[in-house]
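Asks: I'd like to ask some things about the structure below.
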Amino acid sequence: MAHDHHDDDFMGSLTKNEALVYSALKSAGQPLKAYDLLDILKSKGVRAPMTIYRALEGLEGKGLVHKLDALNAYVLCNHDQPHQIQSFLVCESCSNVEEIDTGVSATPSVESNIKAVVAEKGFRMEAARLEIKGRCSRCA
């Protein structure tokens with residue numbers, strides 16, 4: 188599912204806590220809430236929720252993780268480069284989440300439509316998150 192695009196070259200640019208959180212998310216292979224991460228990382232000496240939130244914020248800023256509002260959880264990015272519009276399929280039955288690419292195959296793409304509407308309003312977009320809720324192929 189996820190590419191290993193970020194792995195070796197970027198780990199040096201992370202703080203110790205960011206690296207711990209990234210590794211925990213990678214091992215889990217599924218979205219985790221901040222408190223799940225805290226439980227996992229207690230054994231590594233991470234005790235404060237604030238430490239986890241700061242690390243998640245740092246990783247989000249570097250484009251390595253995304254927050255999923257629907258689940259109030261965090262997931263690794265599976266794209267090779269930073270992207271402005273993050274799109275996820277969120278299964279309401281099993282909570283499986285898949286990051287999808289809305290910008291490549293569709294013409295005109297969802298991504299270019301959103302960017303055009305936003306630009307028309309004179310709004311300077313930093314990022315957008317599209318969470319598509321429903322049932323995955325296994326649950327449907």
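In my numbering, the protein residues as written are 188 to 327. Cβ atoms here follow ideal geometry from the backbone N, Cα and C, with glycine treated the same way. Quick caveat: nothing in here was measured; it's all calculated off a predicted structure.
With distances taken from CA atoms, which of 244, 304, 234 is nearest residue 202?
Replies: Comparing Cα-Cα distances from residue 202 to each of 244, 304, 234, the minimum goes to 244.
Asks: Whole-angstrom Cβ separation of residue 219 and residue 257, contact assumed at under 8 Å?
Replies: Actually they do not touch by this definition, with Cβ atoms about 14 Å apart.
Asks: What number of angstroms, rounded off, separates the C-alpha of residue 238 from the C-alpha of residue 216?
Replies: Whole-angstrom Cα-Cα distance: 21 Å.
Asks: Checking 8 Å against the spacing of the C-beta atoms, do residue 211 and residue 224 come in under that value?
Replies: Yes. Within cutoff.
Asks: Determine, using beta carbons only, whether residue 275 and residue 246 come nearer to each other than 8 Å.
Replies: Cβ atoms of residue 275 and residue 246: not closer than 8 Å.
Asks: Helix, strand or coil: which one does DSSP assign to residue 224?
Replies: In this structure, residue 224 counts as helix in the three-state DSSP scheme.
Asks: Could you check if residue 284 is buried or exposed, using at least 16 other CB atoms within 10 Å of its CB as the buried criterion?
Replies: That one is buried.
Asks: Write down every uninterrupted run of the beta strand (DSSP E) in the segment 227 to 270 whose length is 3 residues or greater and which is fully enclosed by it, in chain order.
Replies: Here the runs fully enclosed are 252 to 255, 260 to 263.
Asks: Figure out for me which residue from 317, 282, 298, 315 has the closest Cα to the Cα of residue 326.
Replies: When only C-alpha atoms are compared, the closest one is 282.
Asks: Assuming residue 332 is part of the beta strand (DSSP E), what are its boundary residues?
Replies: No information on residue 332 is available, as it lies outside the stretch 188 to 327 that the chain covers here.
Asks: Am I right that residue 273 and residue 317 are in contact with their C-beta atoms under 8 Å? What's the rounded C-beta distance?
Replies: With 8 Å as the limit, residue 273 and residue 317 qualify as a contact, their Cβ atoms being about 7 Å apart.
Asks: With DSSP as the reference, identify every bridge partner of residue 320, one or two as the case may be.
Replies: Answer is 277.
Asks: Output the boundary residues of the alpha helix (DSSP H) element that contains residue 207.
Replies: Looking at the DSSP string, the run of the alpha helix (DSSP H) that includes residue 207 is 203 to 215.
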